[in-house]
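Counting in the numbering used here, the final residue of the sequence shown is number 327, and the numbers go up one at a time with none missing. Every residue gets a Cβ at the ideal spot worked out from N, C-alpha and C, and that includes glycine.
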Amino acid sequence: MTKESTLAQIQEISTMVSEHTNDGKLRLKSSIPKPLEASEVEYIAKKASWDRKMGKLEYIFYKSLLVILFTIYGVFRFFQYRYNRLRLSILTIVNNPANTPQLIKQDVKGLKKLPKQLGAILEDKPSYTVGGGLKGLLEEGSEIVCWSVCADIKHVSLYDYNGLLATNVDEFRKAVHHKLAKYYGPQNIPSFTVKVPHLHKVYEDISKVGDEEKKSVIEISLLSAFDGRKTIVELFKTVSDLKDKKEIQSSDLTMELLNTQLIELVGQEPDLILCFGPRLDLTGYPPWHIRLAEMHWEMDNNEVLYAVFIRGLRNYSSAKMNVGK
C-alpha cells in the first residue's frame, strides 16, 4: 500500500467522523426545547393561579354543600324525633291499662287473633340511667308478663343480651309475683312458670310451692345471647361427636331433627317479637326464632310501654301470613 492511498483512507475516515459528530450535534440541538417566550410564561402562570383558585372554590362549595345536607337532615331528625315522642306520649295516655286486667282484656277483645308465643327484646341499659340495670330489667320484664297474662297469652320469651334475668331468676320471680299482685290482688295471683333453657331448669311460681293443683297460666322463657349462635355451634359440635362415634348415621341428620333439637334447647319460635328500643336491633336474638315471626317496634322509643305492646298485638292481628308463598 502506497503512502498516498494511506493518506486518502485517513482523510476519508476523518471526514466520516466529522460528519457523524456534526449530525449528533444537530440532533442534540433539535432535542433541546426552545426557551419560552414571555407571553407563554405569563399564560402558564395565570393558568396555574386559576387552577389553584378553582380548587379552593370547589373545596368550599362541596364542604358547604355537605354542611347544608347535614343541617337539613339534623333539622328533619329533630322534628321527626319530637313528633315520634309526642305521638308515643299521646298513645300512652290513650292506652293506659292502669294496672287493670279488665281494660287490657277489653283492648284485645276485638282482635281477630293473638300470638300463642310472644317474644320481647329488652335493652340492657346502664345502671346509672333511669330504668337501667337489673332493677330496670326486672320492672320491664314483669310488666310484660302481666300484660301477657291479662291478654291470655300462654307463652312469653324475654330476651336480654347479657342474660341478667336468667342469672337472677329468684329476683325475677319475686318481681313478677309482686307485679301480678298489683293487677289481680294478693288473693288471686295467677300462677306462672319460669324456664331458663340453656341451663335446663324450670322454676315454679313462689305461690305455687306446695300447691301442685294450682295450674300455671303462663310459661316464661328467659333467653340471652348464649341461646343464639352459641347454641347452634354447641348443637352441631354434639351432632358431629355423635357421628364420629357412629352413634348416629348421616341419613338421620335432617332439618326436622335439628329443628326439634333447637326447640328442645330454646323453645318454640314466637309468632310476634316486640322490640322495645328506638330501632329494630335483634342484638343476637336466636336466628331460627325469627323465620316466621312478625316484628314490631316504635321508632325513637326507648321504654317498655303498654302502647307498644297493644299496637304490636293489633298489627299482628291484621297481618296476613303467606307461609311458603
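For residue i, which of helix, strand or coil comes out of DSSP?
i, result
"Ile-222", "strand"
"His-202", "coil"
"Ser-193", "strand"
"Leu-284", "coil"
"Val-132", "coil"
"Leu-30", "Note that Leu-30 has pLDDT 49, beneath the 50 cutoff, so the model's placement of it is unreliable and no number is given."
"Asp-207", "coil"
"Ala-100", "coil"
"Met-323", "coil"
"Lys-360", "Any answer about residue 360 is impossible in this case: the structure gives the chain only from 3 up to 327."
"Tyr-85", "helix"
"Tyr-163", "coil"
"Ile-250", "coil"
"Gln-270", "coil"
"Asn-304", "coil"
"Ala-50", "helix"
"Ala-153", "coil"
"Gly-143", "helix"
"Ser-114", "The identity of residue 114 in the sequence shown is Lys, whereas the question assumes Ser. Reduced to three states, the DSSP call for Lys-114 is coil."
"Lys-217", "coil"
"Thr-256", "coil"
"Arg-293", "coil"
"Gly-230", "coil"
"Lys-1", "The displayed coordinates of the chain run from 3 to 327. Any statement about residue 1 would go beyond what the structure contains."
Along the alpha helix (DSSP H) that carries residue i, what are the first and last residues, could you check?
i, result
"Gln-108", "103–111"
"Asn-317", "308–320"
"Lys-181", "171–186"
Return the bridge partner residues of residue i from the DSSP annotation.
i, result
"Val-158", "Leu-120, Ile-222"
"Leu-276", "Ala-122, His-298"
Terminal residues of the continuous beta strand (DSSP E) containing residue i?
i, result
"Trp-299", "296–299"
Residue i and residue j: beta carbons closer than 7 Å?
i, j, result
"Asp-229", "Val-198", "no"
"Gln-119", "Pro-272", "yes"
"Asp-162", "Leu-124", "yes"
"Ile-146", "Ala-177", "no"
"Pro-99", "Val-151", "no"
"Ala-153", "Ile-106", "yes"
"Pro-117", "Tyr-318", "yes"
"Asp-302", "Tyr-130", "no"
"Gly-165", "Ser-226", "yes"
"Val-158", "Ile-208", "no"
"Lys-181", "Ser-218", "no"
"Phe-174", "Leu-201", "no"
"Lys-156", "Ile-220", "yes"
"Met-257", "Ile-275", "no"
"Asn-97", "Tyr-308", "yes"
"Cys-148", "Tyr-205", "no"
"Leu-315", "Trp-290", "no"
"Leu-167", "Leu-224", "yes"
"Val-235", "Phe-278", "no"
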